[in-house]
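Quick note on the numbering used here: the sequence shown kicks off at 21 and runs consecutively. In what follows, a single structure is set out as structure tokens and then discussed.
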Amino acid sequence: MLSVSEAIFIGTVLEGVLYGAYVIIFWLFFRTDLKYGRVGNNIIFSPLSLLFALVTSGFIIDYAQEFFAVLRDGGNEATTWNMNIAASIISAFVDVLSQAILIYRCWVIWGNQLWIISLPALLSLASFAGSLAVAAELGIQAHTRDFSFSQHGGPL
21 MLSVSEAIFI GTVLEGVLYG AYVIIFWLFF RTDLKYGRVG NNIIFSPLSL
71 LFALVTSGFI IDYAQEFFAV LRDGGNEATT WNMNIAASII SAFVDVLSQA
121 ILIYRCWVIW GNQLWIISLP ALLSLASFAG SLAVAAELGI QAHTRDFSFS
171 QHGGPL
């Protein structure tokens, strides 16, 4: 059985490896668009660039949060809590944007038929609304939570 610290470490390593693969794939996409003169002319270029920026910022926040939580013995609990809120909001936007890109591609493949994408689009919006509701609840808890004591009852 893995300890919590070991599980977090393995998750962090896997996240770094997969993010590295994503950087390479995005670079290949960008290079291909640049080679064929489609940068800015490709309708999918801007959403994919925004998705890359969101994933990168989420990756940075996640690593910072894990740094404080694991290497700094929890660090400042209010800071890690706020980082968790930011990561939740970024994840919600990454999720809805990636789904929108897939729904758009499905719409193009199926000959621009709206009935094909109506249910996926509705489910995507419902998922986005639910994710934002969770992030809002985390924000409300952050304002009502007393961060002056740690989980063990003592001062930070």
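Glycine residues also receive a C-beta, built at the ideal position from the N, C-alpha and C atoms. What you are looking at is a predicted structure, and each value in this text was computed from that prediction instead of being measured.
Cβ shell of residue i (< 7 Å), same chain only, five flanking positions each side left out
| i | result |
| --- | --- |
| V114 | L71, L74, V75 and G78 |
| N104 | Q85 and L158 |
| G173 | Low per-residue confidence applies at G173: pLDDT is 45, beneath 50, and the placement is therefore not dependable, though the value from the model is reported in the following sentence. No residues qualify anywhere along the chain. |
| F87 | none |
Alpha carbon of residue i to alpha carbon of residue j, nearest angstrom
| i | j | result |
| --- | --- | --- |
| T99 | A41 | 29 Å |
| N102 | N132 | 41 Å |
| L176 | L22 | For L176, the predicted model reports a pLDDT of 41, less than 50, meaning its position is unreliable; a value from the coordinates is still stated below. One C-alpha to the other measures close to 27 Å. |
| V59 | W47 | 12 Å |
| H163 | G31 | 29 Å |
| G57 | F49 | 12 Å |
| V33 | V43 | 15 Å |
| V154 | I160 | 10 Å |
| G36 | V24 | 18 Å |
| D53 | L134 | 28 Å |
| F169 | K55 | Here F169 scores only 47 on pLDDT, less than 50, and its place in the model is too uncertain to base an answer on. |
| L142 | R51 | 34 Å |
| A156 | I45 | 33 Å |
Same chain, Cβ closer than 6 Å to residue i, neighbours up to 5 away in sequence not counted
| i | result |
| --- | --- |
| W127 | I137 |
| Y39 | F79 |
| P140 | I123 |
| W130 | I136 |
Own chain partners of residue i with C-beta closer than 8 Å, once the 5 adjacent residues on each side are dropped
| i | result |
| --- | --- |
| A107 | G78, I81, D82 and Q85 |
| A149 | none |
For residue i, the nearest candidate out of the options (CA to CA)
| i | options | result |
| --- | --- | --- |
| A146 | A112, T164 and I129 | A112 |
| L152 | R51, K55, L91 and I110 | I110 |
| S144 | V154, V37, L117 and R125 | L117 |
| R125 | A156, N62, H163 and Q161 | N62 |
| L91 | H163, T164 and E26 | E26 |
Problem set entry | Secondary structure, alpha helix (DSSP H): runs of 4+ residues fully inside the region 80-135 | 97-129
Problem set entry | Touching by the beta-carbon criterion (3+ pairs, under 8 Å), the region 52-67 and the region 116-125 | yes
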